[in-house]
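Residue numbers (this note's numbering), protein chains in the order written: chain S, 7 to 426; chain R, 7 to 426. A virtual CB, placed ideally from N, CA and C, is assigned to each residue, including glycine. Predicted model, so just to flag it, every value in this text is computed and none were measured. Below you'll find the structure, written out as structure tokens, and then a few comments.
There are 2 protein chains.
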Amino acid sequence: MTTTTTLSTHDAAFVRDLHVMSQFGATENGGVDRQAASAPDGEQRRWLTGLLVAKGFTVKFDGAGNQWGLYEAVAGAPYVVVGSHMDSQPTAGRYDGAYGVLAAAHAAFRVVEKWTAAGPAGRPKFNIAVVNWFNEEGSRFKPSMMGSSVYTGKLELETALDTTDAAGVSVRDALDAIGCRGDYGGPEAAYCAEIHIEQGRSMEREGITIGLVHSNWAANKYEFVVHGGQAHTGSTVIADRKDALLGASMMVVAARELADHFPGVLHTSVGQLTVYPNSPVVVASRVSLLLDLRSADESVLAEADALLHRRIPGIERLANVQVERNQSHSWPVTPYQPEGVELAAKVAADLGLANKPVMTLAGHDSTNMKDIVPTVMLFVPSVDGISHNEHEYTTDEDIVAGLTMLTEVVNRLCDGALED
Amino acid sequence: MTTTTTLSTHDAAFVRDLHVMSQFGATENGGVDRQAASAPDGEQRRWLTGLLVAKGFTVKFDGAGNQWGLYEAVAGAPYVVVGSHMDSQPTAGRYDGAYGVLAAAHAAFRVVEKWTAAGPAGRPKFNIAVVNWFNEEGSRFKPSMMGSSVYTGKLELETALDTTDAAGVSVRDALDAIGCRGDYGGPEAAYCAEIHIEQGRSMEREGITIGLVHSNWAANKYEFVVHGGQAHTGSTVIADRKDALLGASMMVVAARELADHFPGVLHTSVGQLTVYPNSPVVVASRVSLLLDLRSADESVLAEADALLHRRIPGIERLANVQVERNQSHSWPVTPYQPEGVELAAKVAADLGLANKPVMTLAGHDSTNMKDIVPTVMLFVPSVDGISHNEHEYTTDEDIVAGLTMLTEVVNRLCDGALED
Numbered sequence: 007m008t009t010t011t012t013l014s015t016h017d018a019a020f021v022r023d024l025h026v027m028s029q030f031g032a033t034e035n036g037g038v039d040r041q042a043a044s045a046p047d048g049e050q051r052r053w054l055t056g057l058l059v060a061k062g063f064t065v066k067f068d069g070a071g072n073q074w075g076l077y078e079a080v081a082g083a084p085y086v087v088v089g090s091h092m093d094s095q096p097t098a099g100r101y102d103g104a105y106g107v108l109a110a111a112h113a114a115f116r117v118v119e120k121w122t123a124a125g126p127a128g129r130p131k132f133n134i135a136v137v138n139w140f141n142e143e144g145s146r147f148k149p150s151m152m153g154s155s156v157y158t159g160k161l162e163l164e165t166a167l168d169t170t171d172a173a174g175v176s177v178r179d180a181l182d183a184i185g186c187r188g189d190y191g192g193p194e195a196a197y198c199a200e201i202h203i204e205q206g207r208s209m210e211r212e213g214i215t216i217g218l219v220h221s222n223w224a225a226n227k228y229e230f231v232v233h234g235g236q237a238h239t240g241s242t243v244i245a246d247r248k249d250a251l252l253g254a255s256m257m258v259v260a261a262r263e264l265a266d267h268f269p270g271v272l273h274t275s276v277g278q279l280t281v282y283p284n285s286p287v288v289v290a291s292r293v294s295l296l297l298d299l300r301s302a303d304e305s306v307l308a309e310a311d312a313l314l315h316r317r318i319p320g321i322e323r324l325a326n327v328q329v330e331r332n333q334s335h336s337w338p339v340t341p342y343q344p345e346g347v348e349l350a351a352k353v354a355a356d357l358g359l360a361n362k363p364v365m366t367l368a369g370h371d372s373t374n375m376k377d378i379v380p381t382v383m384l385f386v387p388s389v390d391g392i393s394h395n396e397h398e399y400t401t402d403e404d405i406v407a408g409l410t411m412l413t414e415v416v417n418r419l420c421d422g423a424l425e426d
Numbered sequence: 007m008t009t010t011t012t013l014s015t016h017d018a019a020f021v022r023d024l025h026v027m028s029q030f031g032a033t034e035n036g037g038v039d040r041q042a043a044s045a046p047d048g049e050q051r052r053w054l055t056g057l058l059v060a061k062g063f064t065v066k067f068d069g070a071g072n073q074w075g076l077y078e079a080v081a082g083a084p085y086v087v088v089g090s091h092m093d094s095q096p097t098a099g100r101y102d103g104a105y106g107v108l109a110a111a112h113a114a115f116r117v118v119e120k121w122t123a124a125g126p127a128g129r130p131k132f133n134i135a136v137v138n139w140f141n142e143e144g145s146r147f148k149p150s151m152m153g154s155s156v157y158t159g160k161l162e163l164e165t166a167l168d169t170t171d172a173a174g175v176s177v178r179d180a181l182d183a184i185g186c187r188g189d190y191g192g193p194e195a196a197y198c199a200e201i202h203i204e205q206g207r208s209m210e211r212e213g214i215t216i217g218l219v220h221s222n223w224a225a226n227k228y229e230f231v232v233h234g235g236q237a238h239t240g241s242t243v244i245a246d247r248k249d250a251l252l253g254a255s256m257m258v259v260a261a262r263e264l265a266d267h268f269p270g271v272l273h274t275s276v277g278q279l280t281v282y283p284n285s286p287v288v289v290a291s292r293v294s295l296l297l298d299l300r301s302a303d304e305s306v307l308a309e310a311d312a313l314l315h316r317r318i319p320g321i322e323r324l325a326n327v328q329v330e331r332n333q334s335h336s337w338p339v340t341p342y343q344p345e346g347v348e349l350a351a352k353v354a355a356d357l358g359l360a361n362k363p364v365m366t367l368a369g370h371d372s373t374n375m376k377d378i379v380p381t382v383m384l385f386v387p388s389v390d391g392i393s394h395n396e397h398e399y400t401t402d403e404d405i406v407a408g409l410t411m412l413t414e415v416v417n418r419l420c421d422g423a424l425e426d
């Protein structure tokens, strides 16, 4: 799909910047591999610093590695925080998170330009902070949404810094290695805005340009550890085996069967599964797996949770294993502030952009931020709904429309549109 | 289970040496972790060199890292090769392989003592070579039985040396790092003998001390790669998913269902399974797995192979994936030379040791050696059949009886018992 729209100079600069960003950690197949605090993540952060500083923004890193681009128009006033994340999954797409940070920067540039052009009469109520949250993806360091969780007080800074990746490298050391651990405490936020790709098909299917996110799906995330016993794969008779991988495989199949039981309203998955000792001739003694259940309907989620746990004793018996539920966390369906959704709907209508209310199935940094300040979350369409994949794509027309939309939302938030 | 037998000085020295060996790569739970060409493997090899040299043996390493302890009693005569392997699976037991190498060394010491005591009249027909084969386990470097495969001409030396582990380290570099890659070409073998733990329960159950291995089970080993597509585990609707881990899990379950279809006569397993990208929030795009089918009955194996492949299209459809059969190898039921089995039966009877013919379900270096020279393979019992597990155990009484048995087999092979 190619875009034939003629872009304004401003919009063309934005599209060019997004192409430049896609070179950091670029993969052969047109995607990116830019996990949190990796070398390409560090290079891209330095590039963003340059972009922000050139427009008169002050760049600071906080203790959790969040990168802040600050523009203080009104001394001492709180900030409208706008941004997303630039880290990626391994072999991921170019838009997830990165689009939101760059759109935030360009939106902020445009709003500041407008203020400057208007002189004292254009003075806003709030300042602007562009943010690049650290480790939204959670592929290298768990949990995901780490930087925004620390900023919003949901995760202790020291706990985050002590977290290690599979190679044993801590967040602290990884951030220091790319020079991105600072001592800034972060700005005082008044409002927040984030724009992101939908990562699903619903907007594309209906010809919608802007999604007005009003709430998130509920999710239960479990870490299960299946315990068996090491044995020789050749000589051990089947009745003597305690096959942890067989038990874990049954859990993966059970998760899909649950989704099939609630067609369309329950999403289930196992993305990560780790086998020990993972040798060709040894029956596995231990397999850990991360299993998610997600639904927009909390009663469906509760029922699915019960059905899943009811399956476990049978799996334990058939595979001769113990299934331990190690850690789990869950979140309910929570709304974004309705006044923020209304503001976004009004902006979209004023700009003539096709829009509809949507839910987010994925977690975002804004789902943390909405718990401390009124937050506006916007989506642009994903072609074929493809995401976490090198072939992730959103048209230039849509990313530019999203930038226009975000700019006006930030403009009105700074002007105090949601005050009183 | 403790052994109350009073051991002879010779036997006590053997048991002591086995305890010393178990310290190399010792784990907290009484097992060992001594993968091929790891640091503990290297240390143990140096220890074995000391043991052999002290008894007048010459120690050489060949190009594939096999460690040879040579005793030439008859200048220029071929060798009776006796040994096993000292590498282990991760968190494995103390007996697997290590017992066979140490028993080989002590058997050789005893035979040489006898020759020395007898003077010129005791001169044998063949010399003795104790061997510690490189990388029998195949957990770090595939394939298993690597050293004996190179020695018997089944695997090219350069292919073996170029093989890399999961961290990208080659066999060549790993052997050089522990100083165990030599330029010795290996001795000319006339006969071979190996002793090993059974790794199953059949001998223990029947009160048998010595197993006379007459053939091996047939095996088919496949590497499957399941191809899906990366997607977001939250936002991607189930119908759009191409879940490689779901497909792989269905393969694991299908393998067990096959074993259940042929109760007792077919062993199936998946020991190794590797997920990409293995991130909590990404539907896996690629999973590779190693799946084994083993049976003493080749017709069962052929039927199981057909049933397995008949299941694949259904798995591909249900999980929306492609299943690729990447590499596979298989071996038929092959006999050890009957004259070797007869010799072993006679020795056991002469020594008054309870014995029976058995098959080996696992592969051993002797299954390679039997294809080039007449080979005697012996088993001692495994308590509870436990193997590839830190709790692997064989009583002192049984390991000593096995040593007595192996000594007399080697003695008679060196004396030419199987000539003409």
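Inset, instruction - Identify every residue that forms a DSSP beta bridge with GLU200(S). - result: MET383(S)
Inset, instruction - Can you have a look at ASN395(S) and say buried or exposed, based on whether 16 or more other CB atoms are within 10 angstroms of its CB? - result: buried
Inset, instruction - With DSSP as the reference, label ASP426(R) as helix, strand or coil. - result: Reduced to three states, the DSSP call for ASP426(R) is coil.
Legend entry - Reduced DSSP secondary structure (H/G/I, E/B, other) of VAL293(S): strand
Inset, instruction - Could you pull out every residue in the same chain whose Cβ sits closer than 8 Å to the Cβ of GLU210(S), ignoring the five residues on either side in sequence? - result: GLU204, PRO387, SER388, VAL389, ASP390, GLY391
Legend entry - Helix, strand or coil at PHE147(R) according to DSSP, with G and I counted as helix: coil
Legend entry - Contacting residues, own chain, Cβ-Cβ under 8 Å from LEU412(R) (five flanking each side not counted): Closer than 8 Å at the Cβ level, and outside the excluded window around LEU412(R), lie VAL88, ALA109, ALA110, ALA113, ALA199, ILE201, LEU384.
Inset, instruction - Inspect the beta-carbon positions of SER291(R) and GLN333(R) and report whether they are closer than 8 Å. - result: no
Legend entry - Own chain partners of THR97(R) with C-beta closer than 6 Å, once the 5 adjacent residues on each side are dropped: THR33, GLY37, ASP39, GLU396
Legend entry - Under 8 Å by beta carbon: chain S residues contacting ALA265(R): By Cβ distance, chain S contributes ILE244.
Legend entry - At least three beta-carbon pairs within less than 8 Å, the stretch 11 to 23 of chain R to the stretch 142 to 152 of chain R: no
Legend entry - Same chain only: Cβ atoms within 7 Å of PRO130(S), ignoring 5 sequence neighbours per side: ALA79, VAL80, TRP121, CYS420, ASP421
Inset, instruction - Return the Cβ separation of TYR77(R) and VAL118(R) in integer angstroms, given the expectation that the two are a contact with Cβ distance under 8 Å. - result: 6 Å
Legend entry - Interface flag, THR239(R) vs chain S, CB-CB below 8 Å: Chain S, which has a Cβ nearer than 8 Å to the Cβ of THR239(R), makes this yes.
Inset, instruction - Quick one: using the 10 Å Cβ neighbour count with 16 as the cut-off for buried, is SER255(S) buried or exposed? - result: Flag for SER255(S) reads buried.
Inset, instruction - Report all residues from its chain with a CB closer than 7 Å to the CB of VAL59(S); omit the five preceding and five following residues, and keep chain order. - result: VAL65
Inset, instruction - State the DSSP-derived secondary structure class of MET7(S), mapped to helix, strand or coil. - result: Low confidence applies to MET7(S): its pLDDT is 42, below 50, so where it sits in the model is not reliable enough to give any reading.
Legend entry - Run of the alpha helix (DSSP H) containing TYR228(R), from where it starts to where it stops: Note, TYR228(R): premise wrong, no alpha helix (DSSP H); beta strand (DSSP E) at 224 to 233.
Legend entry - Within chain S, the residues that GLN236(R) reaches when beta carbons sit closer than 7 Å: Residues of chain S with a Cβ closer than 7 Å to the Cβ of GLN236(R) are, in chain order, THR97, HIS394, ASN395.
Legend entry - is_contact[MET256(S), chain R] using C-beta, thresh 8 Å: yes
Legend entry - Contact check, VAL281(R) vs THR239(R), beta carbons under 8 Å: No.
Legend entry - Identity of the residue in VAL293(R), VAL232(R), LEU297(R) nearest GLU263(R) by Cα: Here the closest residue by C-alpha is LEU297(R).
Legend entry - Collapsed DSSP secondary structure at GLN50(S) in the structure displayed: helix
Legend entry - Members of the stretch 268 to 285 of chain R that neighbour chain S once the beta carbon cut-off is set at 9 Å: Answer in chain order: PRO269, GLY270, LEU272, HIS273, THR274, SER275, VAL276, GLY277, GLN278, LEU279, THR280, VAL281, TYR282, PRO283, ASN284, SER285.
Inset, instruction - Taking ASP298(S) as the query, report the chain C residues whose CB atoms sit under 9 Å from its CB, ordered along the chain. - result: The structure shown has no chain C; the protein chains it does contain are S and R.
Legend entry - Own chain residues within Cβ distance below 7 Å of ALA196(S), not counting five before or after: Same-chain partners within the cutoff: PRO84, TYR85, VAL86, PHE132, VAL379.
Inset, instruction - Could you work out which residues of chain S lie near LEU252(R), taking near to mean beta carbons separated by less than 9 Å? - result: VAL258, VAL259, ALA261, ARG262, SER275, VAL276
Inset, instruction - For PRO283(R), count neighbouring C-beta atoms within 10 Å of its own C-beta (all shown protein chains included) and say buried if the count is 16 or more, exposed if not. - result: buried
Legend entry - Rounded separation between ARG100(S) and ALA173(S) - CA only: Our two residues, ARG100(S) and ALA173(S), have alpha carbons roughly 26 Å apart in a direct line.
Inset, instruction - Assuming LYS248(R) and GLY270(R) form a contact by the criterion Cβ under 8 Å, report the distance between their Cβ atoms to the nearest whole angstrom. - result: In fact, because the Cβ distance is near 37 Å, the residues do not count as touching under 8 Å.
Legend entry - chain S contact for ALA224(R) (CB, 8 Å cutoff): no
Legend entry - Contacts around THR373(R), its chain only, beta-carbon distance under 6 Å, and the 5 residues preceding and following it disregarded: ASN222
Inset, instruction - Just the chain S side, please: which residues come within less than 9 Å of LEU362(R) by C-beta, in chain order? - result: The question names Leu, yet the displayed sequence has Lys at residue 362(R). Within 9 Å Cβ-Cβ: nothing; LYS362(R) doesn't reach chain S, min ~16 Å.
Inset, instruction - State buried or exposed for ASP68(R), treating a residue as buried only when at least 16 other CB atoms are found within 10 Å of its CB. - result: buried
Legend entry - Chain-ordered neighbours of GLN333(R) on chain S, where CB pairs are closer than 9 Å: Contacts between GLN333(R) and chain S, judged by CB atoms closer than 9 Å, are missing: the closest CB pair is about 12 Å apart.
Inset, instruction - Please check the pair VAL364(R) and LEU272(R), which I expect to be a contact at CB under 8 Å, by giving their CB distance rounded to whole angstroms. - result: VAL364(R) to LEU272(R), Cβ: 18 Å. No contact.
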